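In our numbering, the protein residues as written are 6 to 124.
Each residue gets a CB set at the ideal place from its N, CA and C atoms; glycine is no exception.
Nothing here was measured: the structure is a model prediction, and the numbers come from that model.
Structure first, commentary second.
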């Protein structure tokens, strides 16, 4: 059945992915070629929409997002520069990290704090 779908003009990788998803979710494959082709076309439309959505993101919005990622998660004023060990989260500035005993991201116990220098 997969061969017939490929002969009808569908991408082999899309057909394979669709069949594997169907087997993993329902435990059985396709018994009807028309259903397989519909699912393949729907899957292609979903992936096209997702890729166009990520391309449509405004450059200014990307800049704001990057700046928020660099901000201290506690004070939101200074840049992050402290990594917590053992979890590895980079979440706070030096001043805010001094009073913490648990990571603000995962609530794991902090055994060590390392200052980082972001180039």
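Look up residue i in the DSSP assignment and say whether it is helix, strand or coil.
{"i": "residue 11", "result": "helix"}
{"i": "residue 84", "result": "strand"}
{"i": "residue 90", "result": "strand"}
{"i": "residue 119", "result": "strand"}
{"i": "residue 95", "result": "strand"}
Report the CB separation of residue i from residue j in whole angstroms; it is logged as a contact under 8 Å.
{"i": "residue 105", "j": "residue 90", "result": "Incorrect: roughly 12 Å between the Cβ atoms, too far for contact."}
{"i": "residue 22", "j": "residue 48", "result": "7 Å"}
With residue i as the anchor, note down where its alpha helix (DSSP H) starts and where it stops.
{"i": "residue 23", "result": "17-31"}
Would residue i pass as a contact of residue j if the rule is Cβ separation under 8 Å?
{"i": "residue 97", "j": "residue 111", "result": "no"}
{"i": "residue 80", "j": "residue 99", "result": "no"}
Out of the options, point me to the one whose CA is closest to residue i's CA.
{"i": "residue 113", "options": "120, 88, 99", "result": "88"}
{"i": "residue 20", "options": "29, 6, 123, 117", "result": "6"}
{"i": "residue 13", "options": "117, 74, 41", "result": "41"}
{"i": "residue 123", "options": "107, 74, 79", "result": "74"}
{"i": "residue 109", "options": "31, 119, 94", "result": "94"}
In the DSSP assignment, find the unbroken beta strand (DSSP E) run with residue i in it and report its ends.
{"i": "residue 78", "result": "Here residue 78 belongs to no beta strand (DSSP E), and DSSP marks it neither H nor E."}
Closer than 7 Å: is that where the CB of residue i sits relative to any heavy atom of the ligand COA?
{"i": "residue 32", "result": "No copy of the ligand COA occurs in the structure displayed, which carries no ligand at all."}
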